[in-house]
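Residue 165, in my numbering, is where the sequence shown stops; the numbers in between run on with no holes.
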Amino acid sequence: PLEGALIEYISLKGDLSGIDLSVITEIAEYFLKDIGAVIPSNYPFAGRDFNTTRAGIHAGGLRRNEEIYNIFDTTGLLGRPPKVAITDKSGTDGVAIWVNDFLGLKGKERLTLMKVAKVQRWVLDQYEKEGRLTAISDKELEEQVKIYFPDLYKRVKNK
Numbered sequence: 007p008l009e010g011a012l013i014e015y016i017s018l019k020g021d022l023s024g025i026d027l028s029v030i031t032e033i034a035e036y037f038l039k040d041i042g043a044v045i046p047s048n049y050p051f052a053g054r055d056f057n058t059t060r061a062g063i064h065a066g067g068l069r070r071n072e073e074i075y076n077i078f079d080t081t082g083l084l085g086r087p088p089k090v091a092i093t094d095k096s097g098t099d100g101v102a103i104w105v106n107d108f109l110g111l112k113g114k115e116r117l118t119l120m121k122v123a124k125v126q127r128w129v130l131d132q133y134e135k136e137g138r139l140t141a142i143s144d145k146e147l148e149e150q151v152k153i154y155f156p157d158l159y160k161r162v163k164n165k
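Here is the structure:
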């Protein structure tokens, strides 16, 4: 795809050469919202699941040091921050990233692994006790945030 060629060109040149890569994200959104064309979710740089991990070990690396974990600054270059999809394999690190990102918490105000442990337990129960096979939706996770962190949830919803 053309966006892959752009990334390759930039890597060969060693700088952006005046190219604004965020237009890749804008075009993908235009295709989806205005044209109604569906881009495959796993499509490089433009698909819905680009830069999304489901594995706890990857979420752990991302939570500890995004700069080292992520191959390049996808937020700055594409306007696409790394994301975590929550499953039984996401671990507490994955849940912590999702909850902190949803609540918009940065730096020292971010919730610790211990604080999100109850949400993680709920996630595991969905698979171990309920027999779930699919990923947890953002809406379901939002409900858990509302239950376990009501004050923080209200703060987000009142913005």
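The beta carbon of each residue, even a glycine, is placed where N, CA and C say it ideally should be.
Status (buried if at least 16 other CB within 10 Å, exposed otherwise) for residue i
| i | result |
| --- | --- |
| Val101 | buried |
| Leu22 | exposed |
| Asp144 | exposed |
| Asp40 | exposed |
Residue i - containing alpha helix (DSSP H), residue span
| i | result |
| --- | --- |
| Arg127 | 123-134 |
| Lys160 | 156-163 |
Alpha carbon of residue i to alpha carbon of residue j, nearest angstrom
| i | j | result |
| --- | --- | --- |
| Asn4 | Glu136 | Summary: the structure shown does not reach residue 4, with the chain confined to residues 7 through 165, and so no result is reported for it. |
| Thr118 | Arg54 | 28 Å |
| Pro87 | Trp104 | 12 Å |
| Leu18 | Ala11 | 10 Å |
| Lys124 | Tyr133 | 15 Å |
| Arg60 | Asn76 | 15 Å |
| Ile74 | Val44 | 32 Å |
Reference residue i, options the options, closest by Cα
| i | options | result |
| --- | --- | --- |
| Asp131 | Gln150, Asp94, Leu147 | Asp94 |
| Lys89 | Arg69, Glu14, Gly10 | Arg69 |
| Ile153 | Val29, Glu35, Gly82, Lys121 | Lys121 |
| Ala91 | Val125, Ala141, Tyr75 | Ala141 |
| Arg138 | Lys145, Val129, Val29 | Val129 |
| Lys112 | Leu84, Leu158, Leu22 | Leu158 |
| Phe78 | Leu27, Gly97, Phe155, Arg161 | Leu27 |
| Glu146 | Gly20, Gln126, Lys165 | Gln126 |
| Lys165 | Thr31, Glu148, Leu109 | Leu109 |
| Phe51 | Pro7, Gly66, Phe37 | Pro7 |
Residues bridged to residue i (per DSSP)
| i | result |
| --- | --- |
| Ile142 | Ile92 |
| Thr58 | Lys89 |
beta-carbon residue i near the ligand ADP non-hydrogen atom, thresh 8 Å
| i | result |
| --- | --- |
| Gly100 | Looking at this structure, you won't find the ligand ADP or any other ligand, since it has none at all. |
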